[in-house]
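Heads up: the sequence shown at position 239 corresponds to 255 in my numbering, and the numbers run straight through without jumps. Just so it is clear, CB atoms sit at the ideal spot from N, CA and C, and this is done for glycine as well. Treat the numbers as computed from the prediction; the structure is a model and nothing was measured.
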Amino acid sequence: MDDPLLAPPMPALDWVSEATACVTRHEHGLLRLEAVAPDILRLRFAPSGRFATPRPWSPVLELPPAGLSVHEEDGRLWMETERLSARLDLSSGAVSFATPDGRPFAEDLCAPGWREVALEETGLQHLPDTELPPGEARIGVGVRKRMAPDEGYFGFGQRDGRLDRRHRRLTHWTVDRAAPGHGLGEDNLYQAQPTFMAVRPGLTWGLLLNSTWFSGFDVGREYEDVLTLFTLGGELDYYILAGPTPAAVVEQLTRLTGRPLLPPLWALGFHQSRWSYGTDRDVRAIAEGFRERAIPLDAIHLDIDYMDGYRVFTWDRERFPEPAATVAALQALGLRTVTIVDPGVKHDLGTGYGVAESGVAGDYFLRRPDGERFSGWVWPDESLFPDFCSERTRHWWGDLHGSLIEIGVDGVWCDMNEPSIVDRPYREPGVTEFPIPLAVRQGDEGEALHAETHNLYGHLMARATWEGLERLRPARRHWVLTRSAFVGTQRWAASWMGDNSARWEDLETSLPQLASLGLCGAPHVGVDIGGFYGHSFGELYGRWIELGAFHPFMRAHAHRDSRPQEPWSFGPEIESVARQAIELRYRLYTLAHRAHRRGEPWWRPLLFDFPDQADLYAIEDQIMIGPQLMIAPIRAPGLKRRLVELPPGCWYDFRSGARIGVGPAALVMDAPLGAMPVLVCGGSVITLGNVRQSTAEPLGELMLEIYPDDEAEGFWTLIEDDGESFEYQDGALAETDCRIAPLSRGAVFALAARRGDYQPAPRTLILRLHLPEAPAGLRLDETPVEDWRWDAELQAAEVRINDDGQTHRLVPV
Ligand code: MIG
Numbered sequence: 017m018d019d020p021l022l023a024p025p026m027p028a029l030d031w032v033s034e035a036t037a038c039v040t041r042h043e044h045g046l047l048r049l050e051a052v053a054p055d056i057l058r059l060r061f062a063p064s065g066r067f068a069t070p071r072p073w074s075p076v077l078e079l080p081p082a083g084l085s086v087h088e089e090d091g092r093l094w095m096e097t098e099r100l101s102a103r104l105d106l107s108s109g110a111v112s113f114a115t116p117d118g119r120p121f122a123e124d125l126c127a128p129g130w131r132e133v134a135l136e137e138t139g140l141q142h143l144p145d146t147e148l149p150p151g152e153a154r155i156g157v158g159v160r161k162r163m164a165p166d167e168g169y170f171g172f173g174q175r176d177g178r179l180d181r182r183h184r185r186l187t188h189w190t191v192d193r194a195a196p197g198h199g200l201g202e203d204n205l206y207q208a209q210p211t212f213m214a215v216r217p218g219l220t221w222g223l224l225l226n227s228t229w230f231s232g233f234d235v236g237r238e239y240e241d242v243l244t245l246f247t248l249g250g251e252l253d254y255y256i257l258a259g260p261t262p263a264a265v266v267e268q269l270t271r272l273t274g275r276p277l278l279p280p281l282w283a284l285g286f287h288q289s290r291w292s293y294g295t296d297r298d299v300r301a302i303a304e305g306f307r308e309r310a311i312p313l314d315a316i317h318l319d320i321d322y323m324d325g326y327r328v329f330t331w332d333r334e335r336f337p338e339p340a341a342t343v344a345a346l347q348a349l350g351l352r353t354v355t356i357v358d359p360g361v362k363h364d365l366g367t368g369y370g371v372a373e374s375g376v377a378g379d380y381f382l383r384r385p386d387g388e389r390f391s392g393w394v395w396p397d398e399s400l401f402p403d404f405c406s407e408r409t410r411h412w413w414g415d416l417h418g419s420l421i422e423i424g425v426d427g428v429w430c431d432m433n434e435p436s437i438v439d440r441p442y443r444e445p446g447v448t449e450f451p452i453p454l455a456v457r458q459g460d461e462g463e464a465l466h467a468e469t470h471n472l473y474g475h476l477m478a479r480a481t482w483e484g485l486e487r488l489r490p491a492r493r494h495w496v497l498t499r500s501a502f503v504g505t506q507r508w509a510a511s512w513m514g515d516n517s518a519r520w521e522d523l524e525t526s527l528p529q530l531a532s533l534g535l536c537g538a539p540h541v542g543v544d545i546g547g548f549y550g551h552s553f554g555e556l557y558g559r560w561i562e563l564g565a566f567h568p569f570m571r572a573h574a575h576r577d578s579r580p581q582e583p584w585s586f587g588p589e590i591e592s593v594a595r596q597a598i599e600l601r602y603r604l605y606t607l608a609h610r611a612h613r614r615g616e617p618w619w620r621p622l623l624f625d626f627p628d629q630a631d632l633y634a635i636e637d638q639i640m641i642g643p644q645l646m647i648a649p650i651r652a653p654g655l656k657r658r659l660v661e662l663p664p665g666c667w668y669d670f671r672s673g674a675r676i677g678v679g680p681a682a683l684v685m686d687a688p689l690g691a692m693p694v695l696v697c698g699g700s701v702i703t704l705g706n707v708r709q710s711t712a713e714p715l716g717e718l719m720l721e722i723y724p725d726d727e728a729e730g731f732w733t734l735i736e737d738d739g740e741s742f743e744y745q746d747g748a749l750a751e752t753d754c755r756i757a758p759l760s761r762g763a764v765f766a767l768a769a770r771r772g773d774y775q776p777a778p779r780t781l782i783l784r785l786h787l788p789e790a791p792a793g794l795r796l797d798e799t800p801v802e803d804w805r806w807d808a809e810l811q812a813a814e815v816r817i818n819d820d821g822q823t824h825r826l827v828p829v
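As structure tokens, this is what we get:
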């Protein structure tokens, strides 16, 4: 699709406008521009003149439409909402967008173009029966847009490589990255998210390509400063997100694709995994190992060896004679059990394997174009594959989780769902990937080709799993982990980045990788801490776990051939680094409610919070954890200190409590193993609980670490709920607003009265106000405080109050 042609002009023959949309008719095709919301416009162009019918499994939600005003002037159509405008040149068919004050962006260089595409051009694996069927599937459609020279291009889903994707060509097709190691390439990985944001000082806008087909973005690689969007499937369909900030773009994107789930609290704790803890005894020993050593843990993952011959939804009764008893024993230690489930169902008919038999009886498995059932090889050898586009199939699959729920399993880990399939048993030589033929029909009505639905295989498996858990156990929040995903999967699942390696390079690439996903609306992400392939080693593991303590989803995992990789496997020094890192995670309060409400990523690049500082765009080795904390990880061996860029504002050292500088500036900070720099932005209130061995233990006290800025006022809302149920949806929340005046205005700290119906357990609040020097005294609610202390080391005044949910005001005097 790299043809050098700019598409020829495509004059409009006529146009009609409706309340929310405007359609222009061209000699070849129709172009429709629709206001999906005041800040979201959708553009569709169908060269055939027929727009594709909506898909019942579309990852994009229907929003109540917004008004669009349209008028023609000077050979152009002007279309406007309150927040966004578009202009279509009637003689050429090119469209561009602009802010309400007239700043243009995403300007077409020409009309959309289209042509027939040969499969070879896509780079997709090409077997005789994977041919694209003739017709719209083979029609590639695209358009080229001008890239403003000062724009950085971010998002683009799960990939290796740099944060800013200018000068790159990126495609979207989910694949199992079978080879060890996440390098610095940018090829397709397990997940596909055809969305990005363009950021420049003063304006961020976003784009979601509404195509589940093979698609791509050429971000100024082919032609300098030219952005090309292209997709197979015969229709160009994209949404423009008005921004004007990265946070607004992610909010708009997750309004369209669904807000991220709110995980149960336990899922935000530490998860320990390995391929595989192979027996009941191994699992219990690991659990006890954590408790004996007082290393906090909430979940243990069971990889594929718990199953009987890799048959999904079965247990190997020799290795796990009484799974319910094992799960109960873990529960007694405050631990949840997560089990892996692969999509491939062993082709095992006539032996009493109910999953295969009910799947065949219900006709839930994919069929080849010739009508034969499709099979391929995975762990259970020859396997059948559910058609997750079918609602009936999703229902059946979801219900199968009843057997796991009965045993007491709390979370489901969906693996191999790109899907990953090979052409013969793994043990035989010459194993090759074996794709589902692109012409396979999917959906309850057979409405779509696999070519259209491939990228949704993992997305819809995660959905089927979540919806099944919801039916089976409606009162408790569910938890699903998935390897493959698309935009929108955040509604149902967290994800990890698949099979990385125990190498510094893999730790390094994980930083921008997770940050990019956050920009695509997927906040609940993490990578295998320590590295999956290969043998991890003390320093790498130590650096990784101190970093991983800030992953939104925190799990350590390792390959079956790698040496033990539990926190105590590398000797006492690393064990204590790991314990401290995990303890810190358990003390920090969660950002999950913010993510759930606005899609806000909590692991994010500096540009998210500082979009006007172009010199910070390229920084990918410092990560903001929510708006208040910034971490500066170590990515290489032997380092004991590193350079840290301070964005604008005043900054504190989280560990020492000391004020360290005012940005923009850069400084060198100490970073011994176990103590990578963690900074707090002025104007922050960091909430810390006490150390707990699991999230099930009660919080005795809550520390509010208050860090005033020099000039800016700080705001923070602490959001709590029971961590387990859906009652927060009916108002069972506790929300506490905090405000901290700048030092220039006395650093007064104000706590508002608690809102909402959730009542936290009785507790003490410890207010720690960080100040440049000791105040003469403190007044609390207009009364002088007698019982307070100045902590000279932390440079903070500390006072304890009973958390009565009322308004309080602390004034240093
Ligand atoms: O072919 O279940 O990414 O986390 O341990 C390998 C075994 C299959 C790949 C997953 C990995 C998991 C492994 N799986």
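Supposed contact pair residue j and residue i - C-beta distance, whole angstroms, cut 8 Å
i	j	result
Asp725	Gly699	4 Å
Tyr633	Val215	7 Å
Tyr549	Ser517	4 Å
Ile756	Glu729	7 Å
Gly546	Ala572	5 Å
Residue range of the unbroken beta strand (DSSP E) whose run includes residue i
i	result
Ile561	From DSSP, Ile561 is part of no beta strand (DSSP E) but of the alpha helix (DSSP H) over 554-564.
Ile311	Run containing Ile311: none; DSSP gives neither H nor E here.
Val52	45-53
Trp495	From DSSP, Trp495 is part of no beta strand (DSSP E); its letter is neither H nor E.
Trp804	804-807
Ala2	A query on residue 2 cannot be resolved here, the shown segment of the chain reaching from 17 to 829 and no further.
Trp94	92-96
Ala214	211-216
Thr606	First-last for Thr606: undefined, no H or E at that position.
Trp413	No beta strand (DSSP E) holds Trp413; the alpha helix (DSSP H) holding it covers 407-416.
His287	286-288
Ser391	391-394
His87	85-89
Ser700	700-704
Glu373	It is not in any beta strand (DSSP E) - Glu373 instead sits in the alpha helix (DSSP H) that spans 370-377.
Residue i classed as buried or exposed, judged by whether at least 16 other C-beta atoms fall within 10 angstroms
i	result
Ser710	buried
Glu599	buried
Lys161	buried
Asp117	exposed
Thr97	buried
Those residues which DSSP pairs with residue i across a bridge
i	result
Phe914	The structure shown has nothing for residue 914, since the chain only spans 17 to 829.
Asp253	Arg60
Asp324	Arg327
Cys666	Val678
Ala510	Leu497
Thr261	DSSP output for Thr261 lists no bridge partner at all.
Asn818	Thr780
His188	Ser231
Cys38	Ser33, Leu49
Pro120	Ala114
Arg154	According to DSSP, which records beta bridges pairwise, Arg154 is partnered with nothing at all.
Tyr774	In DSSP, Tyr774 forms no bridge with anything.
Extent of the continuous alpha helix (DSSP H) run through residue i
i	result
Pro339	339-348
Gly504	Taken as a continuous stretch (DSSP letters only), Gly504 belongs to no alpha helix (DSSP H), as it is neither H nor E.
Ser592	588-603
Met692	No alpha helix (DSSP H) holds Met692; DSSP gives it neither H nor E.
Thr138	135-138
Tyr473	473-488
Phe624	622-625
Leu7	Coverage of the chain is limited to positions 17 through 829, which leaves residue 7 absent and any answer about it impossible.
Contact test: residue i Cβ vs the ligand ADP heavy atom, cutoff 7 Å
i	result
Gly514	Only the ligand MIG can be found as ligands here, which leaves the ligand ADP out of the picture.
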